[in-house]
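Below: one structure, written as structure tokens.
In the numbering used here, the protein residues as written are -14 to 61.
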């Protein structure tokens, strides 16, 4: 099992994000999914870190609701 998301920015280029949620051995599949969700949160935070830092330095003057203009598509 895997969690996947795709960010499409202003340039129209999709940027996929994926995290594996495979249960190893006799591990609980639900626990593996929860761990995958936690990892995906970290991946997303790391992905947006440069934008957040640029915004903090005054690099983006957009309104908060469209500061990260793009769209997400989530699938599992």
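Ideal Cβ positions, reconstructed from N, Cα and C, are used throughout, including at glycine.
Sequence-distant residues of its chain with Cβ nearer than 6 Å to residue i (five each side left out)
i: residue 21; result: -12, 4, 6
Per-residue DSSP class, three states only, for residue i
i: residue 0; result: strand
i: residue 17; result: helix
Cα-Cα separation, residue i to residue j
i: residue 10; j: residue 18; result: 14 Å
i: residue -8; j: residue 37; result: 15 Å
i: residue -6; j: residue 31; result: 16 Å
i: residue 26; j: residue -14; result: 17 Å
i: residue 14; j: residue 28; result: 21 Å
i: residue 23; j: residue 42; result: 28 Å
i: residue 35; j: residue 2; result: 16 Å
Per DSSP, the bridge partner or partners of residue i
i: residue 10; result: Answer is none; residue 10 lacks a bridge partner.
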